[in-house]
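For the record, in the sequence shown the residue sitting at position 5 is 158 according to this note's numbering, with numbers rising by one throughout. Ideal Cβ positions, reconstructed from N, Cα and C, are used throughout, including at glycine. To keep things clear, I will list the structure first and then write my remarks on it.
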Amino acid sequence: AVVSTQSGHYGRGVIGISKLKKKFKEFELKRVLCDTYDVFMVDERIVPILPRWLGSYFYRKGKVPLHVKLNKKDVSGEINRALKSFMITSIGKGSCVCLPCGRVSFENEQLIENIQSAVKQLCAKLKPGMKNIQAVYIKTDDSVALPIYNSAVATKFKI
154 AVVSTQSGHY
164 GRGVIGISKL
174 KKKFKEFELK
184 RVLCDTYDVF
194 MVDERIVPIL
204 PRWLGSYFYR
214 KGKVPLHVKL
224 NKKDVSGEIN
234 RALKSFMITS
244 IGKGSCVCLP
254 CGRVSFENEQ
264 LIENIQSAVK
274 QLCAKLKPGM
284 KNIQAVYIKT
294 DDSVALPIYN
304 SAVATKFKI
């Protein structure tokens with residue numbers, strides 16, 4: 154299923170596997186598909202074979218399809234759960250991780266709560282937790298990164 158959030162409206166469309174393989178074979182067509190929609194969802198049963206069909210452009214743009222269990226009874230609940238979630242795709246590829254925590258339209262209290270929750274869940278995934286996080290910044294697409302936490306650990310070098 155494909156969901157577009159342009160202009161705040163959800164547009165739904167389903168692209169079957171055979172159509173994806175035939176119609177979107179060339180790189181340029183895959184790029185156009187990726188740029189047309191904001192969010193992509195896929196049935197979790199085809200996730201292992203999806204990267205070959207989508208190509209690297211989707212993953213470089215950060216539009217990794219959200220996994221949905223379409224064999225569940227409450228499909229709309231699964232779609233809503235997927236829309237409220239996000240995937241961390243950069244762990245293991247450097248020392249920085251970018252987590253979406255809110256929108257500009259959110260109230261300050263909601264943003265603070267979301268950031269705290271995201272950092273808490275990230276600490277649960279990383280070992281040894283908060284000791285492994287050096288700094289936390291808040292940033293929008295068009296702004297500079299503003300620091301909200303810095304561990305300020307003094308590092309000793311031997312020469």
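Look at the segment 185-229 and you find these whole runs of alpha helix (DSSP H), each 4 residues long or longer: 203-207 and 209-213.
One thing to note: A271 has its Cβ within 8 Å of the Cβ of C254. The DSSP-derived three-state label of I291 is strand. Every alpha helix (DSSP H) stretch that sits fully inside the segment 251-279 and reaches 4 residues is listed by chain position as 261-278. Between the C-alpha atoms of K172 and W206 there is a straight-line separation of about 11 Å. With fewer than 16 other beta carbons inside 10 angstroms of its own, I301 counts as exposed. Counting along the chain, the unbroken alpha helix (DSSP H) around I170 starts and ends at I170 to K176. Secondary structure note for P300: its beta strand (DSSP E) is the uninterrupted segment L299 to N303.
Residues E197 and E231 of the same chain have their beta carbon placed closer than 6 Å to that of K222, with the five preceding and five following residues left out of the count. Judged by their CB atoms, L203 and V195 are nearer to each other than the 8 Å cut-off. Take the alpha-carbon of S296 and the one of K214: they are about 19 Å apart. Of the other Cβ atoms in all chains shown, fewer than 16 fall within 10 Å of the Cβ of P281; this residue is therefore exposed. Apart from sequence neighbours up to five positions away, the residues of its chain that approach Y290 with a beta-carbon distance below 7 Å are A298, L299, P300 and I301, ordered along the chain. In this structure P201 is exposed. Its beta-carbon is surrounded by fewer than 16 other beta-carbon atoms within 10 angstroms.
F177 is classed as buried because its beta carbon has at least 16 other beta carbons within 10 Å across all chains shown.
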